[in-house]
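Here is the structure we will look at.
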Amino acid sequence: MVTIELYGVARLRAGREAIEVAARSLGEALSALGTACPALEPLIVAGGRLAPGWLVALNGAQITANLETPLGDEDVVVLVSADAGG
Amino acid sequence: MGRGGYFERYLRVDLGRPSAEHVPLDEATRRAVVGGVGLGALLLTRETPPCFDPLGPEAALVLAFGPLVGTPLTTSAKLAFVAKSPLTGRISDGLSSSSFAIAGKRAGLDAIVIVGEAAEPSIVLVDEEGAEVVPCPELWGRDFTISEASERLRKAYPSHRFAVIGVAGERLVRYAGIANEGRHAGRGGLGAVLGAKRVKAIGVRGSRPVPLADAEATLRIAKDLARRSLGPATEKYRSLGTVANLSTFNRLAALPTRNFQASTFEEARKIEGEVLHETRERGRGSCKSCTIGCEHFFEVRPGERPVKMEYENLFALGPLCGIGDPEVVLRASSACDELGIDTISAGGTIAFAMECAERGLFPKGMLAEEARDLGFGAGERMLVLLEDIARRRTALGDLLAEGSRRAAEIVGGEAPSFAPHVKGLEIPGYEPRALQTMALGFAVGTRGADHNRSGAYEADFSGKVNRFEASEESAAHAVAAEDRAAVMDALILCKFLRRAMEDFFGESAEMLQAVTGLPFEAEELARAAGRITLVRRLFNEREGWTPAEDTLPARFFEEKLPGGAAKGAGIDREGFARSIKAYHARRGLDERGFVPAEVAREMASLLRGKNR
Ligand code: SF4
């Protein structure tokens, strides 16, 4: 299972800090996230994509919006708002 | 279309004589630098001789308004305080929002320039006619909090709005700020500039409506912007405020901890924004004329007045000092606000001292004795130290009132390698090794390490650059971020609006056209942004800037981050130097970072002005 961690507005909207989903790519993980947490649709994730202004940090490190990014079972997807900072 | 947005003059107050005169501001000047920080930097250059003492009578403090203040545009109630910083010896500007900004503009002014030194502690009262310098023995040296002093002034002069310094400004703490209505022009010690002039407060009063060249278009734009300001682009600020940054930064290992020895904090959970929101939030507020309202107030203890908290205060007085007790951090933030000191520099300087104490670097005697119980996590000690710094009482308080760079020079040994500053200005809450485009923005910043004049972290968070490497691409992002900030701060609008604007330069030009009637274009504004940076650079060059200043403390090149998602990250010295060179090239500077002679010549008449 892939873990998706939520911070800030995403955490407030979803009412939870993390969720585990079965996914082999970032796109799949985001689809599963939107289904499990409808409060995140469409302003944070929208139909398996990231809404404008949202990105992920794979395992907290590099930041990407590439939906093709492959994910393994140990991976952690950190959902980050592009307005982190400021 | 008529003319608007500007009153086409500023007020020059000479405290020494004392006298006040209105000085005209021509259209070419206004178009060249727009207003706010641009106008402030220009007037500072014009009104001062080369290499002046920032705490001497020749120093000028400029209060510069933008063309939008006093209009119905959301977040426009702002002004810029601009001076040579006693902390850095370079240009510094601080923005602040309040009805003070509106009243100052409505005194029929685009700026107020204060020079000279009052014969005795005084306040300056400005109105549409001019200014008066009034002695204030009842306020000076009385150890009043900012709230107490403001309240006394409000009662004595009910029709004025005031900007006030605290005890730290009176005692010339090099990072004392200027407060107005709960907002602070915090960075760079502008409060000490006022303190050195023996000015406790500036009061402004005015009732002239700010003219609008095209009132209908201005209102239409204002309504649209207000609507967008309530959309998803600002949700973070409305629902949590900037304190929301802390948990994300900690997860991304970008949270400066224990004087930048680490970038994750094991006690972050106790003070993260989401937890504060759930357990302690007691209300929200906003600056004057703002539809967003990013201020969030948190309970310290039941029955006590809730305290406003922002990310920069939280990081600097929390993780940076190894402190995870929310009550201590809230108290410390409130103390800084009431004493009138910059929270980032206070936290940075104390964190530096904590590291010196833990390493046993303080010279034997008073300093070592007083620093005996100072170590990371010593929350109660930090609270006492803040009071000591603001009053320059105790040897340690007096030393730390000088800021981390000067303190490190006195401590000596290896201390300068980990004093957390650029050009003397303490680094904000963005770990440079984990956000390396931001690191570049810090290094080249004209005011020193600064997240408000360079939003280069946006590139690090965008996925467009490798955040663990400063590259030539970083340089392009650093220039773009600086340019956007320069225009925002010249207009002046709140940066938290920026994501609500799709075509930043185009929309800004449209606003300016509607308000001023001047044919501002997007390209012209982009050029003005670059020009504002060059004005600041030329000022710094005049005051002794050298290329060696555009760098980071040695720690960031020599020590790798120890843990978290950025474990092992460090800054490659040569790669960083290349990114600085790339920045210079993009900025139109010469190889070493100086403004080329022919550009300086072209700008000479703008910098000189016609009136002096
Ligand atoms: S968003 Fe916040 S900082 Fe900006 S003007 Fe509004 S209240 Fe002030």
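Line by line, the protein sequences give chains A and B. Heads up: the first sequence at position 10 corresponds to 12 in the working numbering, and the numbers run straight through without jumps. Heads up: the second sequence at position 212 corresponds to 1006 in the working numbering, and the numbers run straight through without jumps. Just so you know, even glycine gets a beta-carbon here, dropped at the ideal spot from N, CA and C.
Item to check | Straight-line gap, histidine 1423 of chain B to arginine 1372 of chain B (C-alpha atoms, nearest Å) | outcome: Since the displayed chain B opens at 795 and closes at 1406, residue 1423 of chain B lies outside it and no answer follows.
Checklist entry - Any idea which residues DSSP pairs histidine 1090 of chain B with across the strands? => result The residue you call residue 1090 of chain B lines up with position 296 of the second sequence. Bridge partners of histidine 1090 of chain B: B:Arg1078.
Checklist entry - With burial defined as no fewer than 16 other Cβ atoms inside 10 Å of the residue's Cβ, what is the status of arginine 1199 of chain B: buried or exposed? => result To locate residue 1199 of chain B, count along the second sequence from 1; it is residue 405. It is buried - the Cβ of arginine 1199 of chain B has at least 16 other Cβ atoms within 10 Å.
Checklist entry - Can you tell which of B:Cys1081, B:Arg825, B:Asp937, B:Ala950 has its C-alpha closest to the C-alpha of serine 890 of chain B? => result Position 96 of the second sequence, counted from the first residue, corresponds to residue 890 of chain B. Of the candidates B:Cys1081, B:Arg825, B:Asp937, B:Ala950, B:Cys1081 places its Cα closest to the Cα of serine 890 of chain B.
Next on the checklist: Whether or not the region 1058 to 1077 of chain B and the region 1027 to 1041 of chain B are in contact is what I'm after, with contact meaning three or more pairs of Cβ atoms, one per stretch, closer than 8 Å; do they touch?
Outcome noted: yes
Checklist entry - Skipping 5 residues on each side, what residues in its chain have a beta carbon closer than 7 Å to that of arginine 968 of chain B? => result Within the second sequence, the letter at position 174 stands for residue 968 of chain B. Pro880, Leu881, Gly983, Ala986, Ala1195, Glu1196, Gly1197.
Checklist entry - Mind checking valine 1167 of chain B: buried by the 16 CB within 10 Å criterion, or exposed? => result As a position in the second sequence, residue 1167 of chain B is number 373, starting the count at 1. In the sequence on display, residue 1167 of chain B carries aspartate and not valine. Flag for aspartate 1167 of chain B reads exposed.
Item to check | Pair within 7 Å by beta-carbon distance, isoleucine 908 of chain B and arginine 1330 of chain B | outcome: Sequence index remark: in the second sequence, residue 908 of chain B carries index 114 (1-based). Sequence index remark: in the second sequence, residue 1330 of chain B carries index 536 (1-based). Cβ atoms of isoleucine 908 of chain B and arginine 1330 of chain B: not closer than 7 Å.
Next on the checklist: Run through chain B and tell me which residues come within less than 7 Å of serine 83 of chain A, C-beta to C-beta.
Outcome noted: By one-based count along the first sequence, residue 83 of chain A stands at place 81. Lys1030, listed in chain order.
Item to check | Closest residue to alanine 1280 of chain B among B:Ala1294, B:Ile1326, B:Pro1313 (Cα-Cα distance) | outcome: In the second sequence, the residue the question calls residue 1280 of chain B occupies position 486. It is B:Ile1326 whose Cα lies nearest to the Cα of alanine 1280 of chain B.
Checklist entry - Between asparagine 1044 of chain B and chain A, is there a C-beta pair that is closer than 7 Å? => result The residue you call residue 1044 of chain B lines up with position 250 of the second sequence. Output row for asparagine 1044 of chain B: interface = no.
Item to check | Given 8 Å, three or more beta-carbon pairs between the region 38 to 46 of chain A and the region 813 to 829 of chain B | outcome: no
Next on the checklist: If we define contact as Cβ-Cβ less than 7 Å, is glycine 1257 of chain B a contact residue for chain A?
Outcome noted: Translated into the one-based positions of the second sequence, residue 1257 of chain B becomes position 463. So, interface residue.
Checklist entry - CB of isoleucine 1086 of chain B to nearest heavy atom of ligand 1: below 6 Å? => result Position 292 of the second sequence, counting from 1, holds the residue named residue 1086 of chain B. Yes, the Cβ of isoleucine 1086 of chain B comes within 6 Å of a heavy atom of ligand 1.
Item to check | Within chain B, partners of arginine 18 of chain A - CB distance below 7 Å | outcome: For the purposes of this step, residue 18 of chain A is identified with residue 16 of the first sequence, where counting begins at 1. Near arginine 18 of chain A there are no residues of chain B at all, since even the closest Cβ is about 11 Å away, more than 7 Å.
Checklist entry - When you compare only the Cα positions, how much space is there between isoleucine 1144 of chain B and glutamate 1343 of chain B? => result To locate residue 1144 of chain B, count along the second sequence from 1; it is residue 350. To locate residue 1343 of chain B, count along the second sequence from 1; it is residue 549. Rounded to the nearest angstrom, the two C-alpha atoms are 23 Å apart.
Checklist entry - According to DSSP, is serine 886 of chain B helix, strand or coil? => result For this step, residue 886 of chain B is matched to residue 92 along the second sequence. The answer is strand: DSSP assigns serine 886 of chain B an E or B state.
Checklist entry - Among all the DSSP beta bridges, which residues are the ones paired with phenylalanine 875 of chain B? => result Stepping through the second sequence from its first residue, residue 875 of chain B is reached at position 81. In the DSSP output, where bridge partners are listed per residue, phenylalanine 875 of chain B has B:Leu857, B:Gly888.
Checklist entry - By the criterion of Cβ-Cβ separation under 9 Å, what are the contact partners of glutamate 1068 of chain B in chain A? => result Counting from one through the second sequence, the residue named residue 1068 of chain B turns up at place 274. Listed along the chain, the chain A residues whose CB falls inside 9 Å of the CB of glutamate 1068 of chain B are Tyr9, Gly10, Arg13, Leu14, Glu19.
Item to check | Spatially closest choice to isoleucine 65 of chain A from B:Ala1228, B:Thr1240, B:Val1238, B:Gly1364, by CA coordinates | outcome: The count along the first sequence starts at 1 and reaches residue 65 of chain A at position 63. Comparing Cα positions, the closest option is B:Ala1228.
Item to check | Burial state of proline 1003 of chain B, where buried means 16 or more other Cβ atoms lie within 10 Å | outcome: For the purposes of this step, residue 1003 of chain B is taken as the residue at position 209 of the second sequence. Classification of proline 1003 of chain B: exposed, given that the 10 Å Cβ count is below 16.
Item to check | Per-residue DSSP class, three states only, for tyrosine 804 of chain B | outcome: Counting from 1 along the second sequence, the entry for residue 804 of chain B is found at position 10. DSSP places tyrosine 804 of chain B in strand when its eight states are reduced to three.
Item to check | isoleucine 908 of chain B, enclosing beta strand (DSSP E) - first and last residue | outcome: The sequence position of residue 908 of chain B within the second sequence is 114, counting from 1. 905 to 909 is the extent of the beta strand (DSSP E) around isoleucine 908 of chain B.
Checklist entry - At a Cβ threshold of 7 Å, is serine 1041 of chain B touching chain A? => result Stepping through the second sequence from its first residue, residue 1041 of chain B is reached at position 247. Yes, serine 1041 of chain B counts as interfacial toward chain A.
Checklist entry - Are the Cβ atoms of alanine 1209 of chain B and threonine 1012 of chain B separated by less than 7 Å? => result Within the second sequence, numbered from 1, the residue matching residue 1209 of chain B stands at position 415. Within the second sequence, numbered from 1, the residue matching residue 1012 of chain B stands at position 218. Their beta carbons are not under 7 Å apart, which means alanine 1209 of chain B does not touch threonine 1012 of chain B by this criterion.
Next on the checklist: Helix, strand or coil, according to DSSP, for leucine 1040 of chain B in the structure here?
Outcome noted: If you number the second sequence from 1, residue 1040 of chain B lands on position 246. Of the three classes helix, strand and coil, the one that applies to leucine 1040 of chain B here is helix, per DSSP.
Next on the checklist: In whole angstroms, give me the CA-to-CA distance for tyrosine 804 of chain B and alanine 1264 of chain B.
Outcome noted: Within the second sequence, numbered from 1, the residue matching residue 804 of chain B stands at position 10. Within the second sequence, numbered from 1, the residue matching residue 1264 of chain B stands at position 470. Roughly 42 Å separates the two Cα atoms.
Checklist entry - Between serine 892 of chain B and ligand 1, is the CB less than 6 Å from at least one heavy atom? => result Here residue 892 of chain B refers to the residue found at position 98 when the second sequence is read from its first residue. Incorrect: serine 892 of chain B has no Cβ contact closer than 6 Å to ligand 1.
Item to check | Helix, strand or coil at asparagine 68 of chain A according to DSSP, with G and I counted as helix | outcome: Taking the first sequence and counting its residues from 1, one reaches residue 68 of chain A at position 66. Shown here, asparagine 68 of chain A sits in coil according to DSSP, grouped into three states, outside any helix or strand.
Next on the checklist: Pull the bridge partners of lysine 1102 of chain B from the DSSP assignment, please.
Outcome noted: Stepping through the second sequence from its first residue, residue 1102 of chain B is reached at position 308. BP columns for lysine 1102 of chain B point to B:Phe1091.
Checklist entry - Less than 6 Å between the CB of serine 1127 of chain B and some heavy atom of ligand 1, yes or no? => result If you number the second sequence from 1, residue 1127 of chain B lands on position 333. For ligand 1, not one heavy atom lies less than 6 Å from the Cβ of serine 1127 of chain B.
Item to check | Segments of 3+ residues assigned as beta strand (DSSP E) that fall wholly inside the region 908 to 938 of chain B | outcome: 916 to 920, 925 to 929
Item to check | Closer than 8 Å at the beta carbon, the chain B residues around threonine 66 of chain A | outcome: In the first sequence, the residue the question calls residue 66 of chain A occupies position 64. Chain B residues near threonine 66 of chain A: Gly1257.
Checklist entry - With 16 other CB atoms within 10 Å as the buried threshold, where does glycine 1025 of chain B fall? => result Here the question's residue 1025 of chain B lines up with position 231 in the second sequence. That one is exposed.
Checklist entry - Do three or more CB pairs link the region 844 to 861 of chain B to the region 908 to 920 of chain B at distances below 8 Å? => result yes
Checklist entry - Is DSSP giving proline 1210 of chain B helix, strand or coil here? => result As a position in the second sequence, residue 1210 of chain B is number 416, starting the count at 1. Note: proline 1210 of chain B maps to helix in three-state DSSP.
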